[in-house]
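In this note's numbering, the protein residues as written are 167 to 307. Built from N, CA and C at the ideal position, the CB exists for glycine as well.
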Amino acid sequence: MTADAKKKMPITDAELIRLANQAKEMAYAPYSRFHVGAALIDDQDRVFTGCNIENASYGATNCAERTAIFKAVSEGARQIRKLAVVCDQETPCVPCGICRQIIAEFAAADFELLAADPSGHFKRYSQEALLPDAFVLPTKP
Ligand code: THU
């Protein structure tokens, strides 16, 4: 296989979860001490990662999922195909309501959320399962 062909190999679920775990190391969570990491792949096979970033005002906190999505969108991504989320609790980490709304805005038709636990086990969710009948404007591209 050529180097080029190799580069275009789709990233595996396990690799995306590994990148989410790596991003979790950067979590800024001095208030909750709850560290979360996320990694996504867009429709052009580009990967973006994020961690939660807390704030003394609490309300200004940004979740790991949104950090990764906003990084991606700010670099031109519009269609997210897969998003892996990891935190340190035993049950797989699922996104909050605000993040589900953001996911609805940028989810590709085949979107999957991989909600992982620290050992790498994960549950798969479609966008519809995360937020049924999500609010999006008819003008959404
Ligand atoms: N948090 C995330 O980053 N993602 C989630 O899916 C749930 C919650 C963060 C926000 C806050 O920094 C900490 O976890 C505790 O709620």
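Of all the options ILE268, ASP276, LEU279, which has the alpha carbon lying nearest to the alpha carbon of ALA300?
-> The count along the sequence shown starts at 1 and reaches residue 300 at position 134. For ALA300, the nearest C-alpha among the options comes from ILE268.
So, do the region 254–271 and the region 228–239 have three or more beta carbon pairs nearer to each other than 8 angstroms?
-> yes
What number of angstroms, rounded off, separates the C-alpha of ALA282 from the C-alpha of PRO307?
-> Position 116 of the sequence shown, counted from the start, is the residue given in the question as residue 282. Position 141 of the sequence shown, counted from the start, is the residue given in the question as residue 307. So the two alpha carbons sit approximately 30 angstroms from each other.
Paired residues, beta bridge with ASN228 - DSSP | On the sequence shown, position 62 is the one that residue 228 refers to. Paired residues: ILE219.
Beta-carbon proximity list for ASP209, same chain, < 7 angstroms, skipping 5 on both sides | Position 43 of the sequence shown holds residue 209. For ASP209, where only same-chain residues beyond five positions count, the Cβ hits under 7 angstroms are GLN245, ARG247, ALA274.
What do you reckon, is the C-beta of ALA145 under 8 angstroms from a heavy atom of the ligand THU?
-> In the structure as shown, the chain begins at 167 and stops at 307. Residue 145 is therefore absent and cannot be evaluated.
Would you report the Cα separation of MET167 and MET175, rounded to the nearest angstrom?
-> For the purposes of this step, residue 167 is identified with residue 1 of the sequence shown, where counting begins at 1. For the purposes of this step, residue 175 is identified with residue 9 of the sequence shown, where counting begins at 1. Confidence at MET167 is low in this model, with a pLDDT of 46, below 50, so the placement of that residue should be treated as unreliable; the coordinate-derived value is given next. Approximately 10 angstroms between the Cα atoms of the pair.
Which word fits ALA263, buried or exposed, when buried means at least 16 other C-beta atoms lie within 10 angstroms of its C-beta?
-> Translated into positions along the sequence shown, residue 263 becomes position 97. Per the sequence shown, the amino acid found at residue 263 is Gly instead of Ala. Exposed, since its Cβ has fewer than 16 Cβ neighbours within 10 Å.
Does the ligand NAD have even one heavy atom less than 8 angstroms from the beta-carbon of VAL260?
-> What this structure holds is the ligand THU, not the ligand NAD.
When you compare each of THR305, ALA195, VAL202, LEU297 to ALA250 by their alpha carbons, which one comes out closest?
-> Counted from its first residue, the sequence shown places residue 250 at position 84. The residue with the shortest Cα to Cα distance from ALA250 is VAL202.
Does the beta carbon of ALA230 fall short of 8 angstroms from some heavy atom of the ligand THU?
-> Your numbering for residue 230 matches position 64 in the sequence shown. Within the cutoff, so yes.
Range of the contiguous alpha helix (DSSP H) that encloses PHE272 = By one-based count along the sequence shown, residue 272 stands at place 106. From DSSP, the alpha helix (DSSP H) with PHE272 extends over 263–272.
Looking only at C-alpha atoms, which of ARG212, VAL252, GLU256 sits nearest to ALA189?
-> By one-based count along the sequence shown, residue 189 stands at place 23. Of ARG212, VAL252, GLU256, the residue nearest in Cα terms is VAL252.
Helix, strand or coil at PHE200 [DSSP, three-state] = Working through the sequence shown from its first residue, we reach residue 200 at position 34. Coil at PHE200, not helix or strand.
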